[in-house]
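K.L.:
Quick note on numbering: the sequence shown equals residues 2 to 296 in my numbering. Just so it is clear, CB atoms sit at the ideal spot from N, CA and C, and this is done for glycine as well. Pasting in a structure now, in structure tokens, and then I'll have a few things to ask.
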Amino acid sequence: ANITYKLCVHTSSSTKYPDYLQLPVCYQQITCFGGFMCAFHSPLRMHCQTCALVTSSGHLIGGERGEEIDRAECVIRMNDAPTARGYARDVGRRTSLRVIAHSSMQRVLRSRHELLNASQDTVFIFWGPSNYMRRDGKGLVYNNLRLMNQVLPKLKVYIISWQKMLQFDELFKKETGKDRRISNSWLSTGWFTMTIALELCDRINVYGMVLSPFSLCPHREPQHHSVPYHYYEPRGPDECAMYISHERGRRGSHHRFITEKRVFANWARTFDIHFYQPDWSPPPLPANRTNNSVA
2 ANITYKLCVH TSSSTKYPDY LQLPVCYQQI TCFGGFMCAF HSPLRMHCQT
52 CALVTSSGHL IGGERGEEID RAECVIRMND APTARGYARD VGRRTSLRVI
102 AHSSMQRVLR SRHELLNASQ DTVFIFWGPS NYMRRDGKGL VYNNLRLMNQ
152 VLPKLKVYII SWQKMLQFDE LFKKETGKDR RISNSWLSTG WFTMTIALEL
202 CDRINVYGMV LSPFSLCPHR EPQHHSVPYH YYEPRGPDEC AMYISHERGR
252 RGSHHRFITE KRVFANWART FDIHFYQPDW SPPPLPANRT NNSVA
């Protein structure tokens, strides 16, 4: 079995996969895309041979990877990461899919003229706690999405169902041995985006993602400098400090950034995932170990 199996829900129905998923026969009793609820449009139909998953990291600054990123069949971005204002040379201009956290909703709305542009035919997937997604008038994010649909009816807007959210939690627990809720942490938008990309894309080229604490903190070496957490906030938080504080945090809600990136590196040993800007490959497993995360 592989990660696709873990991202899906068993079902006893005889519903067949949509052709665009191109899944093997052994997965016919598993339903994948039921977890992406169409907020106002038809069900999600998306499959890409090559995806550029563009992080929001300051490592992208000065890399001039924009044209390379835009050549991918699909370009995936997160939250309110911009492509205008002089960033296109480093991060590209196109956006096929944007995954947005509930906590970034207001920032996205403030930049709506740039980010919520229907001319690119972008798909938007929003995620958040179930109380934010309620459809009874009390769901803050869902209420904003309804208003957005009234103002911009051509936008392709989807939300992740609570069943799908539980699947993402279970996947994190299986891959790390840690229960997200018990450890008082939140999965990051990067986690949702990478796992969604595994369902949508044959090959994933990830831009701006680093792996180890050493590579997260190059400025601890005298010849290096601090890297901003977001490429579009050069004077904002330091990436290294942000990641380590979240990884070590025990009170309040935190993201386990470093733990998640170790999982991504492990997935890259099995799936067609590649890392650029900086360019790196996951180290091979020791000879006496096997990759159990995809068993």
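What did DSSP end up calling Q278 once you bin it into helix, strand or coil?
P.N.:
In this structure, Q278 counts as coil in the three-state DSSP scheme.
K.L.:
How many Å lie between H60 and V92 at the Cα?
P.N.:
11 Å
K.L.:
Note the first and the last residue of the continuous beta strand (DSSP E) segment covering V124.
P.N.:
V124 to W128
K.L.:
According to DSSP, is K157 helix, strand or coil?
P.N.:
strand
K.L.:
Using DSSP bridges, identify the partner residues of T51.
P.N.:
R204
K.L.:
Any idea what DSSP makes of L24, helix, strand or coil?
P.N.:
Residue placement at L24 is poorly supported in this model, since its pLDDT is 26, which falls under 50; the coordinates still yield a value, given next. Looking at L24 - three-state DSSP - the assignment turns out to be coil, as it is neither helix nor strand.
K.L.:
Following the continuous alpha helix (DSSP H) through G152, name the residue where it begins and the one where it ends.
P.N.:
At residue 152 the sequence reads Val, which differs from the Gly that was named. Residues L141 to V152.
K.L.:
Please report the straight-line C-alpha distance between L116 and P83, rounded to a whole angstrom.
P.N.:
When rounded, the separation of the alpha-carbon atoms in L116 and P83 is 7 Å.
K.L.:
Can you tell me which residues form a DSSP beta bridge with V92?
P.N.:
According to DSSP, which records beta bridges pairwise, V92 is partnered with nothing at all.
K.L.:
Spatial neighbours of G64 within its chain, please: CB distance less than 6 Å, with the 5 preceding and 5 following residues excluded, ordered by chain position.
P.N.:
D91 and Q278
K.L.:
Do the region 193 to 209 and the region 96 to 109 touch if we need at least three Cβ pairs shorter than 8 Å?
P.N.:
yes
K.L.:
Output the distance between the C-alpha atoms of W281 and M210, rounded to the nearest integer angstrom.
P.N.:
9 Å
K.L.:
With contact counted as at least three CB pairs below 8 Å, one residue from each stretch, are the region 116 to 132 and the region 157 to 164 in contact?
P.N.:
Segment contact: the region 116 to 132 against the region 157 to 164, three or more CB-CB distances shorter than 8 Å; contact assigned.
K.L.:
Nearest-angstrom Cα distance between S298 and D203?
P.N.:
Because residue 298 is not part of the residues shown, which for the chain are 2 to 296, the question remains open.
K.L.:
Could you pull out every residue in the same chain whose Cβ sits closer than 7 Å to the Cβ of V76, ignoring the five residues on either side in sequence?
P.N.:
A53, V55, I70, G93, R95, T96 and S97
K.L.:
How many Å lie between R78 and S58 at the Cα?
P.N.:
Roughly 11 Å separates the two Cα atoms.
K.L.:
According to the neighbour-count rule (16 or more other Cβ atoms, all chains shown, within 10 Å of its Cβ), is N206 buried or exposed?
P.N.:
buried
K.L.:
Kindly indicate which residue of Y233, L146 and A89 has the alpha-carbon position closest to the one of G67.
P.N.:
A89
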